[in-house]
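Number 39 in full-length UniProt numbering belongs to position 39 of the sequence shown; there are no gaps in the numbering. Even for Gly, the Cβ is constructed at its ideal location relative to N, Cα and C. Just so you know, these numbers come straight off a predicted model, no measurement behind them.
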Amino acid sequence: MVSGQQKKILVIEDDEDIRTIVVTRLKGASCETVIAADGQDGLRWFYGDHPDLVVLDISVPVMDGWQVLERLKEMS
């Protein structure tokens, strides 16, 4: 990543209130955020956008955070 470039962070969180707090804080730190409300959607965003960091809730619907983490580990 080029110095000074915005970091892209994927937030996988189903609770809208928590998601809003996290995204607001990250935007305040000049980070670009991508939001997914479930694990499966989060993986799609991950494969398509290649974020610098993933903030992952363990208890998200469709595919829980542990399953998402296993998939991410498999591809690294």
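Considering only residues of the same chain and omitting the five flanking positions on each side of residue i, which have a CB-CB separation below 7 angstroms?
{"i": "GLU70", "result": "none"}
{"i": "TRP66", "result": "ILE58"}
Might you give, ordered along the chain, the residues of its own chain that have their beta carbon closer than 8 angstroms to the beta carbon of residue i, omitting 5 neighbours on each side?
{"i": "GLN40", "result": "VAL62, MET63"}
Would residue i pass as a contact of residue j if the rule is Cβ separation under 8 angstroms?
{"i": "THR33", "j": "ILE9", "result": "yes"}
{"i": "SER30", "j": "GLN5", "result": "no"}
{"i": "ASP14", "j": "VAL60", "result": "yes"}
{"i": "ALA36", "j": "TRP45", "result": "yes"}
{"i": "LEU43", "j": "VAL22", "result": "no"}
Excluding the 5 residues preceding and the 5 following residue i in the sequence, name in chain order all residues of the same chain whose CB lies nearer than 6 angstroms to its CB.
{"i": "TYR47", "result": "none"}
So residue i and residue j are in contact, right, with Cβ under 8 angstroms, and what is the actual spacing, rounded?
{"i": "LEU56", "j": "ILE12", "result": "5 angstroms"}
Review point. Can you give, in chain order, each stretch of the alpha helix (DSSP H) that sits fully within the segment 25-59 and has at least 4 residues?
Key: 39-49
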